[in-house]
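Notes follow the structure.
There are 10 protein chains.
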Amino acid sequence: MLYLVRMDVNLPLDMSQERADAVKSQERKYSQQLQRDGRWVHLWRVVGEYSNYSVFDVSDNDELHELLSGLPLFPYMDMKVTPLAKHPSAVD
Amino acid sequence: MLYLVRMDVNLPLDMSQERADAVKSQERKYSQQLQRDGRWVHLWRVVGEYSNYSVFDVSDNDELHELLSGLPLFPYMDMKVTPLAKHPSAVD
Amino acid sequence: MLYLVRMDVNLPLDMSQERADAVKSQERKYSQQLQRDGRWVHLWRVVGEYSNYSVFDVSDNDELHELLSGLPLFPYMDMKVTPLAKHPSAVD
Amino acid sequence: MLYLVRMDVNLPLDMSQERADAVKSQERKYSQQLQRDGRWVHLWRVVGEYSNYSVFDVSDNDELHELLSGLPLFPYMDMKVTPLAKHPSAVD
Amino acid sequence: MLYLVRMDVNLPLDMSQERADAVKSQERKYSQQLQRDGRWVHLWRVVGEYSNYSVFDVSDNDELHELLSGLPLFPYMDMKVTPLAKHPSAVD
Amino acid sequence: MLYLVRMDVNLPLDMSQERADAVKSQERKYSQQLQRDGRWVHLWRVVGEYSNYSVFDVSDNDELHELLSGLPLFPYMDMKVTPLAKHPSAVD
Amino acid sequence: MLYLVRMDVNLPLDMSQERADAVKSQERKYSQQLQRDGRWVHLWRVVGEYSNYSVFDVSDNDELHELLSGLPLFPYMDMKVTPLAKHPSAVD
Amino acid sequence: MLYLVRMDVNLPLDMSQERADAVKSQERKYSQQLQRDGRWVHLWRVVGEYSNYSVFDVSDNDELHELLSGLPLFPYMDMKVTPLAKHPSAVD
Amino acid sequence: MLYLVRMDVNLPLDMSQERADAVKSQERKYSQQLQRDGRWVHLWRVVGEYSNYSVFDVSDNDELHELLSGLPLFPYMDMKVTPLAKHPSAVD
Amino acid sequence: MLYLVRMDVNLPLDMSQERADAVKSQERKYSQQLQRDGRWVHLWRVVGEYSNYSVFDVSDNDELHELLSGLPLFPYMDMKVTPLAKHPSAVD
């Protein structure tokens, strides 16, 4: 079951470089693990913004929330979740 | 080069069923041809809305506009185009 | 799996009373059938508006879209779907 | 008498973990007590957000405000209250 | 129990003068009856707009919705309802 | 001459309890004095928000601004002023 | 007493040229009479829009509403009224 | 003196093809004449929308409004004008 | 050439009273000098807000930007500039 | 391939003058180098705002994002990117 998620990252301007690097590194690992196990299907950068559009394939709403709220950057992000359905004109 | 496009369809309520069916049938053919030639990469229905989120893979802005403005439903749609870039944490 | 849906109804002002009554009557039957089979869990009127907030319990996004787009009033409604997850402080 | 309430929590990023844990723990107790006495009827997490949608059953506006403004997280939340009425198509 | 209601009137530009006059006359009677029985406590015109702010004193949400949806101008109005509570600094 | 004013209070989260109590106490005195002299006609709490809707009866725009900008909480509030006129259907 | 008013004109696209000319001509006369008697102090066109910003000098809210709602174009305009006060740094 | 203008075209869906073609053809001529005389400096299509961003070089606000309001498509367009100034980091 | 400018002042709540007084005093001098030389034509307080609407008469966009960005309060203000043109119904 | 980009700069009010000057100086060099190599085609100040509208000519979305995210002021800016296509009425 697919969901489109837009994530906007807002790191505090006074966060230390070390702390920022650590959080981003954790985020990267967490994200890549989810990509490799097939639940984080797409991850695209929005041009000109510290934001991404992502597509997730999970079994239900609870799994998606658990996954998203577990992101190391979660406390610094605004998210907007759009549930997706099969489009009648989609080819396979 | 990828773009995310949200399309909201607003058919006039007084459009005849025949006309509506004809336009939708043309749209479907046009859409499926673009999906098959690899330029309309994803097509998802937004749950509860007569809308879709789509991802296009084209060579430049002009090609995307030509493609979108050629949609049979174009006069009845609001579109919002978001250019996408590669995300540094994206796997593969 | 639960979703909160807000529906705003906009019947055309020039729709005949007969047509309006027919559509509303169909909507009522469709809605009550879904309430009785347990998928349309809550249906509340928004005070002062021709709108409702509803909660649906369905197995996935596709089932919800099929259900919503099948509403007789669907062509006359704006909908906003919010996927819900279990709250950690919820009792039971 | 029912009200739908959306609550968005914005804890300051520089709040200590101890303080945050204490407030959340108080919130949980307060919330569960109200759920058990039947006034906080539903409590759902919004997927991907530190937010909830709740339904309250109270006897009047004053009781609802007293209840909401007494929440330990109240100073850190944005709330939007929507009064609900019985829907003519609601079953039972 | 008090509610603040903002009503914005949008009469169709092609409504006949006779029809408009009739609806407005009915609205006036309905409104004045509610004012006299003490449920429509205040009725003010918003300067420069075909809109009003009103305060209602009713016993619950259902009574308010019944009252508002019964307004002859209801099909032509956008309404926004704000439930009010006693303010701790209010003098009696 | 009447005006509707919505006031949203945003006290800084790091303001000391003593300072907050002092400002609120001054606000209360200032407000009650204006209520008693008949210029602050209504003061209602917005349910679920640290906000109020108020109605003022003053002789002109300058008097209203002087009154509002003199509020002890003025530096911490967002205000929206709506000038009101007599409604033709208002009963006395 | 001064008010800033923004007026956005939306003539129906199917209004006949004769009708449009007649309404505009009446509007012009009405407006110029008010300018000459000193109540419509300023009238400026917003560049690129069928809109104006105006400043009125009237004795109270009721007079302003009577004046604005009497405009021949009133049924076709959206208006936003902002009450103005003397600025402490204003010269003279 | 430069201005950025965004123009969104909204032709009525029931406008005849002949009428639409005629207006667009007039618009094209008018536009190209202004481009050739150096006042309409840039004209770009917004991808996916029946909209453009344009830059005008005119001597003052009045000249710009005269030019814009003279566009054959003016009655069918929403415009937003942004005055531009020289940027201190601009080369040349 | 005229422009309407809305300025919203947001002084940081932790700015010292001395610093605030100094900046406001400079602003006042700067503003009154521009009013006296005829370029800051009108300066009005928005009732209930720490905001003003102003009208400037300058020779071009660059002069206006230079003037506005030189305001001592510029770093603490949000501004919105609307270019004005002569209105065809304006008297004189 | 062209893109219109609006950039709004929000330097923290507590940033030291030295730090601000250093970042702005780096931004200026970076910007002018891109202007000289032909990729930052236009750079205009928005009158009254610490903002600019820019036009970029790059070969694809990735190049644009790399360029924009490399701006020294990037952490302090909100950006909005609009992809542009050739307009059919554009001369040359």
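Protein chains in written order, with my numbering: chain U, 21 to 112; chain F, 21 to 112; chain X, 21 to 112; chain B, 21 to 112; chain L, 21 to 112; chain G, 21 to 112; chain A, 21 to 112; chain C, 21 to 112; chain R, 21 to 112; chain V, 21 to 112. Positions of the beta carbon are idealized from the N, C-alpha and C atoms, including for glycine.
Check, Outcome
"Return no unless some Cβ of chain R is closer than 9 Å to the Cβ of E83/V.", "no"
"Helix, strand or coil, according to DSSP, for L22/C in the structure here?", "strand"
"Could you tell me the distance, in whole angstroms, from the CA atom of E47/U to the CA atom of F76/A?", "58 Å"
"Should A113/L be flagged as near chain G, meaning a C-beta pair shorter than 9 Å?", "Because chain L here runs from 21 to 112, residue 113/L falls outside it and cannot be looked at."
"Ignoring anything shorter than 3 residues or poking outside the stretch 64–107 of chain R, list the beta strand (DSSP E) runs there in chain order.", "71–77, 97–106"
"Touch check for the stretch 68–85 of chain X and the stretch 49–67 of chain U: three-plus C-beta pairs under 8 Å?", "no"
"Under a CB-based cut-off of 9 Å, is L63/B close to chain X?", "yes"
"On the three-state DSSP scale, how would you describe D28/R?", "strand"
"So the alpha helix (DSSP H) S51/R belongs to, where does it begin and stop?", "37–56"
"So, under 8 Å CB-CB, V67/U and H85/V are touching, yes? Tell me the CB distance rounded to an integer number of Å.", "5 Å"
"Are three or more beta carbon pairs between the stretch 50–58 of chain B and the stretch 98–107 of chain B nearer than 8 Å?", "no"
"When you compare only the Cα positions, how much space is there between G90/L and P32/A?", "30 Å"
"Taking C-alpha atoms, which residue in A110/X, S45/X, D28/X, Q37/X lies nearest to R65/X?", "D28/X"
"Could you say which of A105/R, P92/R, V111/R, T102/R lies nearest to A42/R if we only look at CA atoms?", "P92/R"
"Should Y73/B and N81/L be called a contact, given that it needs their Cβ atoms to be closer than 9 Å?", "no"
"Looking at the structure shown, is D111/U part of a helix, part of a strand, or coil, going by DSSP?", "Here the sequence assigns Val to residue 111/U, which means Asp is not the residue at that position. Residue state, collapsed to three classes: coil."
"Tell me, please, whether the CB atom of Y70/X is closer than 9 Å to any CB atom in chain L?", "yes"
"List, in chain order, every chain X residue whose beta-carbon is nearer than 7 Å to that of Y96/B.", "Simply none; closest approach about 15 Å."
"Show which residues of chain C have a CB atom less than 9 Å away from the CB atom of L33/A.", "P32, M35, P95, Y96"
"Under the rule that 16 or more other beta-carbon atoms within 10 Å means buried, what is M35/G, buried or exposed?", "exposed"
"Could you check the C-alpha separation between P103/B and E83/L for me, to the nearest Å?", "12 Å"
"With S17/U and R26/U assumed to form a contact (beta carbons below 8 Å), what rounded beta-carbon distance in angstroms separates them?", "Outside the displayed span of chain U (21 to 112) sits residue 17/U, for which this structure offers no information."
"Consider the C-beta atom of A105/G and the heavy atoms of the ligand GDP; say whether any pair is separated by less than 8 Å.", "No copy of the ligand GDP appears in this structure; indeed no ligand is present at all."
"In the stretch 40–57 of chain F, which residues sit with their C-beta less than 7 Å from some C-beta in chain X, listed in chain order?", "none"
"Could you say which of F94/X, A105/X, A110/X, V111/X lies nearest to N30/F if we only look at CA atoms?", "F94/X"
"Looking only at C-alpha atoms, which of D57/R, E69/R, L88/R sits nearest to L88/G?", "E69/R"
"Give the residues of chain C in contact with K127/V, contact being defined as C-beta atoms less than 9 Å apart.", "With chain V covering 21 to 112 only, the question about residue 127/V has no answer from this structure."
"In whole angstroms, what is the alpha-carbon distance linking D57/G and V111/L?", "11 Å"
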